[in-house]
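For reference, the structure discussed in these notes is given below.
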Amino acid sequence: MPKFAYVGVTLEGQEVKGTQKAANRSDAEVALYGRQVRGLRVTEKKSLLKYELSGPRIKREEVMHLSRQIAAFLRAGLPILDAVHTISAEAENSSVRRMMNEIEDGLRGGERFSDCLDRFPKVFPEFYRGIVRSAELTGELDTVLVRLSTYIERDLDARRKIKSALMYPIVVAAMSLVTVLVLAIYVLPKFKDFFADLDATLPLPTRMLLGLTDFLSAWWWALAAAFVAVALGYLVVTRFYRGKYVRDALLLRIPVLGTTIQYALVERFCRVLASMVSAGVNLTEALEVTTASLRNRVYMRRLGEVTEQMLEGQGIAGPLGRTGLFPGTAIQMLRVGEDTGSLDTQLAVTAEYYETELDYKIAKLTALFEPLVIIVMGLIVGFVAVALVSAMYGIFRQVKV
53 MPKFAYVGVT LEGQEVKGTQ KAANRSDAEV ALYGRQVRGL RVTEKKSLLK
103 YELSGPRIKR EEVMHLSRQI AAFLRAGLPI LDAVHTISAE AENSSVRRMM
153 NEIEDGLRGG ERFSDCLDRF PKVFPEFYRG IVRSAELTGE LDTVLVRLST
203 YIERDLDARR KIKSALMYPI VVAAMSLVTV LVLAIYVLPK FKDFFADLDA
253 TLPLPTRMLL GLTDFLSAWW WALAAAFVAV ALGYLVVTRF YRGKYVRDAL
303 LLRIPVLGTT IQYALVERFC RVLASMVSAG VNLTEALEVT TASLRNRVYM
353 RRLGEVTEQM LEGQGIAGPL GRTGLFPGTA IQMLRVGEDT GSLDTQLAVT
403 AEYYETELDY KIAKLTALFE PLVIIVMGLI VGFVAVALVS AMYGIFRQVK
453 V
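Structure, rendered in structure tokens:
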């Protein structure tokens, strides 16, 4: 049975602490209340092994569902503390349950909901916490949480589309590679031994393939070491700002892929900024948080200059256009919103537009990537097939002679 650590006060005013066995946190609180303990702070106590086996980290899907659940409870008239307590008691994921318990303890201690979320920066991004903080001031927390859950859902859908688009080419490449390795490692050496017994000369394609397999067999350790060295070098370089900046800049310059990444970043920028502006966040602060959420160093550096130009009174559409990172269509739409005083609406419209364009770009990228993989793998498999057929034909001629 789980153990729960508690801190409380007796009826005589003496502080007490200890552990209580119970099926869940609510049962532990009831048991302690029956022992005349008040002012309780109860947290689940786990051993190191249980922490290791407690499941994966909290995923974005969980954050999306939590946002919707809390919004639904708030709209039903339930206080935020009771909403968090109910979700904590019903959560199946142990990581979510522990997090919600800590949030509940913070709320009981008089902290705001946004302050409690600040304890989990890896679960709740900065823009999420900033929007929630502004929503608490305006009294629209339920509405904002629904918007945030919708944004997370759309972001997850975009990622799923990219993964599903790449799945087929990856499977084809993996199966082709396995086929080639089986033929090269187990089939061709038998031809080599057989030809050696016949004192015959192998065909050129077969000799080339066998030479390659012999090289891989003799120097696989050197190739593996080189691969590890390159991977470690990449990890070391990308730990520094300059390395990350060069990597992001190179990705943006790759044909087709670079445009797809650009559209994804523009859609994310407009979506997050629209949510923050709608929640009443100051435009300068919203732009800074939105820029940090992009995680692309090229965009982050150039958008930092936009903030400075905004403070000088140049607006937002003009400085964004001068960065060269936003398509002309996006700039025109934002300029209309800026001129008409409906920037949040135009940001949402722009995000919707580039969400559709992103779907088209992903489809186009897939349409180019799939044939390329199939052609390359076909050439490799075809070369192996030619090597095998040439060897068998040589055997046939040897036997015939």
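Just so we're aligned, residue 53 is where the sequence shown starts under the working numbering, counting upward by one. We put the beta carbon where it would ideally sit given N, CA and C, even for glycine. Everything numeric in this text was worked out from a predicted model, so none of it was measured.
Could you check which residue in Leu235, Gly70, Thr62 has the C-alpha nearest to that of Gly434?
With distances taken between CA atoms, Gly434 lies nearest to Leu235 out of Leu235, Gly70, Thr62.
Where Ile139 and Val333 are concerned, what is the direct C-alpha to C-alpha distance, given to the nearest angstrom?
28 Å
Check whether the stretch 154-162 touches the stretch 178-188, taking contact to mean three or more Cβ pairs, one atom from each stretch, closer than 8 Å.
no
Indicate the three-state DSSP secondary structure (helix, strand or coil) for Thr231 in the structure shown.
helix
Can you name the start and end residues of the beta strand (DSSP E) that Tyr58 belongs to?
For Tyr58, the enclosing beta strand (DSSP E) begins and ends at 55-62.
By the three-class DSSP mapping on this structure, what secondary structure does Glu67 have?
strand
When burial is assigned at 16 or more other CB atoms within 10 Å of the CB, is Tyr406 buried or exposed?
So Tyr406 counts as buried.
Tell me the rounded alpha-carbon separation between Leu101 and Asn153.
For Leu101, the pLDDT reaches just 41, beneath the cut-off of 50, and the residue's location in the model is therefore unreliable, although a value from the coordinates is still provided. Roughly 20 Å between the two C-alpha positions.
Once the 5 residues before and after Ser442 are set aside, which same chain residues still bring their CB inside 7 Å of it?
Pro255, Pro257, Thr258
Who does Lys73 pair with in a DSSP beta bridge?
Lys55
Could you tell me which of Glu340, Arg347, Pro307 sits nearest to Asp300, measuring between CA atoms?
Arg347
Between Arg387 and Ala403, which are expected to be in contact by the criterion C-beta below 8 Å, what is the C-beta distance as a whole number of angstroms?
That belief does not hold up - the Cβ atoms of Arg387 and Ala403 are roughly 16 Å apart, past 8 Å.
Do the stretch 408-421 and the stretch 306-313 make contact, defined as three or more Cβ pairs closer than 8 Å?
yes
Would you list the one or two residues that DSSP bridges to Val89?
Paired residues: Thr62.
Residues in the same chain with beta-carbon distance under 8 Å from Ala83, minus the five sequence neighbours each way, listed in chain order, please.
Around Ala83: Gln72, Ala74.
Report yes if the C-beta distance between Arg323 and Ala400 is below 9 Å; otherwise report no.
yes
Which parts of the stretch 370-425 are runs of the alpha helix (DSSP H), unbroken and 4 residues or longer, counting only runs that do not cross its ends?
380-392
Shortest alpha-carbon distance to Gly86 belongs to which of Ser147, Gly60, Ala226?
Gly60
In terms of residue numbering, what span does the alpha helix (DSSP H) encompassing Thr290 cover?
Note, Thr290: premise wrong, no alpha helix (DSSP H); not H, not E.
I'd like the list of long-range same chain contacts for Glu422, defined as Cβ closer than 7 Å, with 5 residues on each side in sequence excluded.
Tyr220, Pro221
Are the beta-carbon atoms of Tyr351 and Phe321 separated by less than 9 Å?
yes
Would you call Thr190 buried or exposed, if buried means 16 or more other Cβ atoms sit within 10 Å of its Cβ?
Classification for Thr190: exposed.
Does the separation of the CB atoms of Leu240 and Leu261 fall below 9 Å?
In this structure, Leu261 lies closer than 9 Å to Leu240 by Cβ.
Among the candidates His117, His137, Gly380, Ala123, whose CA atom is the shortest distance from the CA of Asp79?
For Asp79, the nearest C-alpha among the options comes from His137.
Taking Cβ to Cβ, would you say Gln366 is nearer than 9 Å to Met385?
Between Gln366 and Met385, the C-beta spacing is not below 9 Å.
Between the alpha carbons of Ile214 and Leu264, how many angstroms are there, rounded?
35 Å
Considering Gly356, what are the terminal residues of the alpha helix (DSSP H) in which it resides?
349-363
How should Tyr203 be labelled, buried or exposed, when 16 other C-beta atoms within 10 angstroms of its C-beta is the threshold for buried?
Counting other Cβ atoms within 10 Å of its Cβ, Tyr203 reaches 16 or more and is therefore classed as buried.
Is it right to say Met227 is buried, meaning 16 or more other beta carbons lie within 10 angstroms of its own, or is it exposed?
exposed
Relative to the C-alpha of Val341, which candidate in Gly129, Pro131, Glu67, Glu178 has its C-alpha closest?
Glu178
Please work out which residues of its chain come closer than 7 Å, Cβ to Cβ, to Gln121, disregarding the five sequence neighbours upstream and downstream, and give them in chain order.
Ile139
Nearest-angstrom Cα distance between Val230 and Thr375?
Rounded to the nearest angstrom, the two C-alpha atoms are 46 Å apart.
Could you compute how far the alpha carbon of Arg199 sits from the alpha carbon of Val288?
38 Å
Between the C-alpha atoms of Gly356 and Leu303, what's the straight-line distance to the nearest angstrom?
20 Å
Count the other CB atoms, across all protein chains shown, that sit within 10 Å of the CB of Phe176; report buried if there are 16 or more and exposed otherwise.
buried
Which of the three DSSP states is assigned to Gln366 in this structure?
coil
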